[in-house]
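Peer 1: In the order they appear, the protein sequences are chains A, B, C and D. For the first sequence, the working numbering assigns the number 12 to the initial residue and increments by one for each residue that follows. For the second sequence, the working numbering assigns the number 12 to the initial residue and increments by one for each residue that follows. For the third sequence, the working numbering assigns the number 12 to the initial residue and increments by one for each residue that follows. For the fourth sequence, the working numbering assigns the number 12 to the initial residue and increments by one for each residue that follows. Glycine included, each C-beta is placed from N, C-alpha and C at the ideal position.
Protein chains: 4
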Amino acid sequence: MIRVGIVGATGYTGVELLRMLSTHPNAKVSVVTSRAEAGRQVSDLFPSLRGVCDLVFSDVNPDELAANCDVVFYATPHATAMHHAEALLARGVKVIDLSADFRIRDQATWEKWYGVEHASAHLIPQAVYGLPERNRAKITSADLIACPGCYPTSVQLGFAPLLEAGVINAASLIADCKSGVSGAGRKAAVGSLLCESADSIHAYAVSGHRHLPEIKQGLGDFAGTEVGITFVPHLTPMIRGIQATLYATLTAECDLQALFEARYKDEIFVDVMPAGSSPATRTVRGSNVCRLAVHRPQGGDTVVILAVEDNLIKGAAGQAIQCMNIRFGFNEAEGLSLVGLMP
Amino acid sequence: MIRVGIVGATGYTGVELLRMLSTHPNAKVSVVTSRAEAGRQVSDLFPSLRGVCDLVFSDVNPDELAANCDVVFYATPHATAMHHAEALLARGVKVIDLSADFRIRDQATWEKWYGVEHASAHLIPQAVYGLPERNRAKITSADLIACPGCYPTSVQLGFAPLLEAGVINAASLIADCKSGVSGAGRKAAVGSLLCESADSIHAYAVSGHRHLPEIKQGLGDFAGTEVGITFVPHLTPMIRGIQATLYATLTAECDLQALFEARYKDEIFVDVMPAGSSPATRTVRGSNVCRLAVHRPQGGDTVVILAVEDNLIKGAAGQAIQCMNIRFGFNEAEGLSLVGLMP
Amino acid sequence: MIRVGIVGATGYTGVELLRMLSTHPNAKVSVVTSRAEAGRQVSDLFPSLRGVCDLVFSDVNPDELAANCDVVFYATPHATAMHHAEALLARGVKVIDLSADFRIRDQATWEKWYGVEHASAHLIPQAVYGLPERNRAKITSADLIACPGCYPTSVQLGFAPLLEAGVINAASLIADCKSGVSGAGRKAAVGSLLCESADSIHAYAVSGHRHLPEIKQGLGDFAGTEVGITFVPHLTPMIRGIQATLYATLTAECDLQALFEARYKDEIFVDVMPAGSSPATRTVRGSNVCRLAVHRPQGGDTVVILAVEDNLIKGAAGQAIQCMNIRFGFNEAEGLSLVGLMP
Amino acid sequence: MIRVGIVGATGYTGVELLRMLSTHPNAKVSVVTSRAEAGRQVSDLFPSLRGVCDLVFSDVNPDELAANCDVVFYATPHATAMHHAEALLARGVKVIDLSADFRIRDQATWEKWYGVEHASAHLIPQAVYGLPERNRAKITSADLIACPGCYPTSVQLGFAPLLEAGVINAASLIADCKSGVSGAGRKAAVGSLLCESADSIHAYAVSGHRHLPEIKQGLGDFAGTEVGITFVPHLTPMIRGIQATLYATLTAECDLQALFEARYKDEIFVDVMPAGSSPATRTVRGSNVCRLAVHRPQGGDTVVILAVEDNLIKGAAGQAIQCMNIRFGFNEAEGLSLVGLMP
């Protein structure tokens, strides 16, 4: 039984980590930190955890974390994990960062998009990008894991088979993505109010979203070459879920359905639907599955991939636990055998 | 490992039974029936179950059910289970009816509210009302279990401590209840369309709802006397959840908080919140918990009880599994250790 | 054409005033103030007003207001209007306050519930409570109008006919109210986030809500005696709308339907539905109508009144314009002939 | 004052026609038909119209329509208007068809996509496609007007300036569209239930939607050449609204913002937002405006156009009234001066 710390557990990915780890047979949460809520019962803030979690938020203290944890999850905004990672790693504690601090290999790119100087750039090279469907082997021995963002997970899993097979024009991809409001986190912001975001949809960050460089880097890894992509995210009136609708131009004939099924046949958390399907985000609500379908409308040369995931799970907390399972040699699905809540 | 049949599994309680039983260590679904969908993969209708359930809907056939099941759940509208129960019971199969067929002890009352003649009225006396918090002992040996309706569960659990203690005027109770739209089931009806029921609330069936006689019977059992109650249900723009706001006049002084805590201290699926709390339905979304709080505004003689539940779980499928666990001697929480999905 | 000022127009009642006054033939908005948004185009903040309103927010300046307005609406939180009213009134400007500052006649009660000292208590006696269905004649000559709160409007219009007729027990009324999230305003607060308030319902302020003393005062006026009431508001997952479900005990026989129809036969913004009806909030979405239905379930002695309104219109901005129309001798429906948006 | 008939007024476009025409100074609804609801008060079905509309649904009778109407709107599913049009036109009654019957010029294409034989194909050549921003002059004298579909309106208004200017590659356009559930109409269908469509998003009809041939025809008219387009609609969890996110490859340099502003400077119902904007569907909820923004992310050669409209208004009933105003020489905005309902 490993001991788990969660830093920044007052947000939505934090409470999801707590929910899922509560059923994990090999891991037990021992420390939960929050500056704002130190001293408060976790189950007082999140009554859904009454009777499930009897922890109390403590103030953030790397020494305490190091003393009481085998692995620490960072469910914080960016620019927190980068200040703690070195101390924890030095004491043998694994770090699984759900924030953006170690996702981008090029320091200058990261600093440009995140607007701060990187506090531990020397650690970037040892960070492993925590997308199991690409980096499972590396994750096995990684001490610092940078979990992918929610949008990048769905976009990469959708485009990967085509880029690996080299059958699309990688220079002009389009990712039209729709996210539930939980992607904006549990912070008080006018734009995330029910009265501002319900019964309406709108695009945002069309000129450039922070996930764009991560998507380009990730897709480039699959393609083996630089890619060009237009990425337009939309705020969608739902709590959870991302739908990525992906467009590319085919450059070679291939059996798309067979390609996708072959690529993911051993992946337990990627589900390729039968030809002609249209996955709905609600089919993965509360589960760690990314569900895909591939289309070629009217037999033209445009391929359309539909990818859905729960942004808080496969796009965040679930994928982080999946990485932990891989790193510690547990069954990869432990704690993640959750069936989507439908309706 | 017992074998479970589900009749009428194309509705919302059906898919919830399948979801929860998929993790049950002692029970396995062997037969799933549907007239309309016979021959279709269950996971084709409910893609959330892809990779979890590989069953195919079969036509309803009591012989097949009897041959392949130790227990059969009826997740049907009323007036189906009453036609099958005798044949199944005769062959030693337990019947857990989630519909209304065996909830009301008085045949004439049942026939008046449900508008049909009862097809097996002779079985009514042996049916046990499946509210574990009242009838746990009887459920232990019941062969025919009539699971409570969704509204009656929340109203009874809320009023029970006060009625048992005899501290309120049982002749004039008020239950103002708010239900999510899933309470209307998965049938095509204009009133349940998103465009008719979203972003709006309204009362319905004010002159008399079918759950009223069940509520009166159940509360009467707790009170030991006939009760008078005004019950007003409201269609609320959410998928799941019931909030029952209950009002009664105190007739004796008592420590309300202590009374509730004592009554439910051994109940794993009833959670009495601290004094002053206001439970939200989302804290029980996807879980089998009924969460309660008791208030006495301005110290007057009106007591207000707030009760929330997931209408599809503690109000239907979860409670049915809880009854099955009790009947077959399993751990009462088996398959039901689900934490509410929040947000 | 009168000149209108709006103080605090960045909130939801502010934008509703702007929307409705844009079509008013006798009134024109001349000044719109906001501390936080001074200098910004109104239509930049509220793009729905592009092409309709070309005003710019200015900083709050009573002199400017007095010089440029015949009437000023306060769409601010409490404790703002009370600081400006005297100066405006002294210069002949009418004040219509949508906040709570002048609603409560008893200064001590007001200060207890609102937690601040009243800055112009000497003006309280001259304020007229702006419920046209009760005070139309007084509004005709009022210089300072205190518009009712959203909950109090629905509760008073629902109980008024019964209290005036003296046919219910006024000592133990119950008001179970459900409000859309816009009732909490357009301020960044975690509890109003879509992810916190969608797909869920919960009661709040059970021990005492600020609208309680206003409701008691108002109902007392209709009854001619002090009333006792239990008021439980619920946060409901919708943008707009209030449903008040009201319960009382009948003390005399009467034709309830006839009583309600007679009471409101000349009221253009109160609609008594036929016997047996259940009004939905969406039927008044975007309109100034309060829609009522009265029930007597199972012919017992409990009367149930259902009242729905748009909390931002009949519960706030629309009622304020209605008061303005009465005060200035315009047609009472001017600017308010809005049909509910359905679906 | 012209007399208006509405056939099929029990759906969402029907009730919107009634709502908007209730304020029209030059038109009065005289006949409202419905087979299913004949004899019922309109305001009984749509309580939002109580006090506004006192009509009764009558059975469909072309003679009665001809005798009592100057213009008849068809708010029916396809394949109704085509059976009535000739008789009405022969008696001098104008026909404004909101359904698809006369939208497609090529009869074979229409019959392929709609699956029925066209009953009055000889009338197709005289039908004018009712998109005022393209066909205003022709509408002035049209007796048979075929109003555009909801998706085609937003897609055409978004692409038109670029196609007319010849600055994009018309052979490979992409339209990723998101529609509220009201687009599916007011018919009982499982897929439109709140429990099936709330809190989720999914694509549909990826292999081919009925609006595709209409979009291709319309864009081709603007381009002066055949276009190639991939059109993917998505069912979005909201009542009203369409967001079209449009992608094209630039083939020539041009000032995109200036191009759009010049194209629509005289159009009262098309609003080009400032550079960098992201229109939300809620800004046009309840209004006849189509709001546009044009982007060129990272200065690349992909242009992104964002277009939002209320699918029931500019995408249906509002555009139909706009056409009526043009045809009868009324002010084009009469009855349509509705400001979006926000929040």
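Buried or exposed: A/G177, going by 16 or more other Cβ atoms within 10 Å of its Cβ?
Peer 2: Translated into positions along the first sequence, residue 177 of chain A becomes position 166. Exposed, because fewer than 16 other Cβ atoms sit within 10 Å of the Cβ of A/G177.
Peer 1: Can you tell me whether DSSP reads C/C265 as helix, strand or coil?
Peer 2: Against the third sequence, residue 265 of chain C aligns to sequence position 254. If DSSP states are grouped into helix, strand and coil, C/C265 belongs with coil.
Peer 1: Please state whether DSSP places C/K123 in a helix, a strand or coil.
Peer 2: Here residue 123 of chain C corresponds to residue number 112 of the third sequence, with the count starting at 1. In this structure, C/K123 counts as helix in the three-state DSSP scheme.
Peer 1: Helix, strand or coil, according to DSSP, for B/R307 in the structure here?
Peer 2: Taking the first residue of the second sequence as position 1, residue 307 of chain B is located at position 296. Reduced to three states, the DSSP call for B/R307 is coil.
Peer 1: If you compare alpha carbons, which of A/P308, A/P143, A/K227, A/E97 is closest to A/S288?
Peer 2: Here residue 288 of chain A refers to the residue found at position 277 when the first sequence is read from its first residue. Checked all of A/P308, A/P143, A/K227, A/E97; the closest Cα to A/S288 is A/P308.
Peer 1: For the stretch 189–216 of chain A, list every residue whose C-beta sits within 7 Å of some C-beta in chain D, in sequence order.
Peer 2: Answer in chain order: K189, C206, E207, D210, S211, I212, H213, A214, Y215.
Peer 1: Chain A beta carbons: is any one of them nearer than 8 Å to that of C/Y23?
Peer 2: Sequence index remark: in the third sequence, residue 23 of chain C carries index 12 (1-based). True, the Cβ-Cβ gap to chain A drops below 8 Å.
Peer 1: Leaving out five residues before and five after A/V26 in sequence, what residues of the same chain have Cβ atoms less than 6 Å from its Cβ?
Peer 2: Your numbering for residue 26 of chain A matches position 15 in the first sequence. The residues are F57.
Peer 1: Determine which residues of the stretch 238–262 of chain C have a Cβ less than 9 Å from any Cβ of chain A, and write them out in chain order.
Peer 2: The residues in question are P248, M249, I250, R251.
Peer 1: In the DSSP assignment, the beta strand (DSSP E) including D/A216 goes from what residue to what residue?
Peer 2: Position 205 of the fourth sequence, counting from 1, holds the residue named residue 216 of chain D. No beta strand (DSSP E) contains D/A216, which DSSP labels as neither H nor E.
Peer 1: Please list the terminal residues of the continuous alpha helix (DSSP H) segment that includes D/C161.
Peer 2: Along the fourth sequence, one-based indexing puts residue 161 of chain D at 150. D/C161 -> alpha helix (DSSP H) spans 161–176.
Peer 1: Report yes if the CB atom of A/I332 is closer than 8 Å to the CB atom of A/L66, and no otherwise.
Peer 2: Taking the first residue of the first sequence as 1, we reach residue 332 of chain A at position 321. Taking the first residue of the first sequence as 1, we reach residue 66 of chain A at position 55. The answer is no: Cβ separation not under 8 Å.
Peer 1: Classify A/T294 as helix, strand or coil using the three-state DSSP reduction.
Peer 2: Residue mapping note: residue 294 of chain A aligns to position 283 of the first sequence, counting from 1. Looking at A/T294 - three-state DSSP - the assignment turns out to be helix.
Peer 1: How many Å lie between B/S203 and B/A186 at the Cα?
Peer 2: If you number the second sequence from 1, residue 203 of chain B lands on position 192. If you number the second sequence from 1, residue 186 of chain B lands on position 175. Rounded to the nearest angstrom, the two C-alpha atoms are 23 Å apart.
Peer 1: At what residues does the alpha helix (DSSP H) containing D/T406 begin and finish?
Peer 2: Chain D is shown from 12 up to 354; residue 406 of chain D falls before or after that span and cannot be answered.
Peer 1: Output the boundary residues of the alpha helix (DSSP H) element that contains C/P285.
Peer 2: In the third sequence, counting from the first residue as 1, residue 285 of chain C sits at position 274. That residue, C/P285, is in no alpha helix (DSSP H); it is neither H nor E in DSSP.
Peer 1: Taking DSSP as the reference, what is the three-state secondary structure of D/Y275?
Peer 2: As a working mapping, residue 275 of chain D is identified with position 264 in the fourth sequence. Helix at D/Y275.
Peer 1: Between the Cα of D/Y23 and those of D/M12, D/S59, D/V63, spot the shortest distance and give me the residue it belongs to.
Peer 2: Position 12 of the fourth sequence, counted from the start, is the residue given in the question as residue 23 of chain D. Taking only the C-alpha atoms, the option nearest D/Y23 is D/S59.
Peer 1: Put C/H35 into one of helix, strand or coil per three-state DSSP.
Peer 2: Here residue 35 of chain C is taken as the residue at index 24 of the third sequence, counted from 1. Residue state, collapsed to three classes: coil.
Peer 1: How many angstroms separate the CA atom of D/S41 from the CA atom of D/N322?
Peer 2: One-based indexing of the fourth sequence puts residue 41 of chain D at position 30. One-based indexing of the fourth sequence puts residue 322 of chain D at position 311. Whole-angstrom Cα-Cα distance: 25 Å.
Peer 1: Considering only C-alpha positions, which residue in the set D/F170, D/V18, D/H35, D/R61 is nearest to D/E48?
Peer 2: Reading the fourth sequence from its first residue, position 37 is the one you call residue 48 of chain D. Of the candidates D/F170, D/V18, D/H35, D/R61, the one whose C-alpha sits nearest the C-alpha of D/E48 is D/V18.
Peer 1: Which bits of chain D does A/H222 rub up against, with CB to CB less than 9 Å?
Peer 2: In the first sequence, residue 222 of chain A corresponds to position 211, counting from 1. Within 9 Å Cβ-Cβ: nothing; A/H222 doesn't reach chain D, min ~13 Å.
Peer 1: Check each candidate in A/K325, A/M353, A/F339 and name the one with the smallest Cα separation from A/L28.
Peer 2: Sequence index remark: in the first sequence, residue 28 of chain A carries index 17 (1-based). For the residues A/K325, A/M353, A/F339, the minimum Cα distance to A/L28 belongs to A/K325.
Peer 1: Rounded to the nearest angstrom, what separates D/V166 and C/G351 at their Cα positions?
Peer 2: Within the fourth sequence, residue 166 of chain D is the residue found at index 155, counting from 1. Within the third sequence, residue 351 of chain C is the residue found at index 340, counting from 1. Each residue's alpha carbon lies about 29 Å from the other.
Peer 1: Cβ closer than 9 Å: which chain B residues qualify as neighbours of C/P308?
Peer 2: Counting from one through the third sequence, the residue named residue 308 of chain C turns up at place 297. The answer, in chain order, is V217, S218, G219, L223, T241, F242, V243.
Peer 1: Based on Cα-Cα distance, which residue from B/T313, B/L230, B/F280 lies nearest to B/P172?
Peer 2: As a working note, residue 172 of chain B is residue 161 in the second sequence. The shortest C-alpha separation from B/P172 is found at B/L230.
Peer 1: Measure the CB-CB distance between A/R251 and A/R197 and report whether it falls below 8 Å.
Peer 2: To locate residue 251 of chain A, count along the first sequence from 1; it is residue 240. To locate residue 197 of chain A, count along the first sequence from 1; it is residue 186. No, the pair does not count as a contact, with Cβ atoms beyond the cut-off.
Peer 1: Going along the chain, which residues of its own chain have a beta-carbon closer than 8 Å to the beta-carbon of C/H213, five neighbours each way excluded?
Peer 2: Locating residue 213 of chain C in the third sequence gives position 202, where the first residue counts as 1. So the list reads H245, L246, once near-sequence residues are dropped.
Peer 1: Going by DSSP, what residue range makes up the beta strand (DSSP E) through B/A138?
Peer 2: For the purposes of this step, residue 138 of chain B is identified with residue 127 of the second sequence, where counting begins at 1. Unbroken run through B/A138: none, as it is neither H nor E.
Peer 1: With C/S45 as the anchor, note down where its beta strand (DSSP E) starts and where it stops.
Peer 2: Against the third sequence, residue 45 of chain C aligns to sequence position 34. Premise fails: C/S45 is in no beta strand (DSSP E) and is neither H nor E.
Peer 1: Throw me the rounded Cβ distance for the D/V106 and D/D154 pair, which I believe falls under 8 Å.
Peer 2: Locating residue 106 of chain D in the fourth sequence gives position 95, where the first residue counts as 1. Locating residue 154 of chain D in the fourth sequence gives position 143, where the first residue counts as 1. About 7 Å separates the two Cβ atoms, so the contact holds.
Peer 1: Can you pull the DSSP bridge partners for C/R197?
Peer 2: Looking up residue 197 of chain C in the third sequence gives position 186. Answer is none; C/R197 lacks a bridge partner.
Peer 1: To the nearest angstrom, how far is the alpha carbon of B/P88 from that of B/T236?
Peer 2: Locating residue 88 of chain B in the second sequence gives position 77, where the first residue counts as 1. Locating residue 236 of chain B in the second sequence gives position 225, where the first residue counts as 1. Spanning the two alpha carbons is a distance of roughly 30 Å.
Peer 1: So which residues of chain D does C/D282 contact, with C-beta pairs closer than 7 Å?
Peer 2: The residue you call residue 282 of chain C lines up with position 271 of the third sequence. Correct list: R61, G62.
Peer 1: Would C/A318 pass as a contact of C/C301 if the rule is Cβ separation under 8 Å?
Peer 2: Position 307 of the third sequence, counted from the first residue, corresponds to residue 318 of chain C. Position 290 of the third sequence, counted from the first residue, corresponds to residue 301 of chain C. Their beta carbons are under 8 Å apart, which means C/A318 touches C/C301 by this criterion.
Peer 1: Can you round the beta-carbon distance between C/T21 and C/S54 to whole angstroms, since I take them to be within the 8 Å contact cut?
Peer 2: Taking the first residue of the third sequence as 1, we reach residue 21 of chain C at position 10. Taking the first residue of the third sequence as 1, we reach residue 54 of chain C at position 43. Contact doesn't hold; Cβ gap of about 13 Å is too wide.
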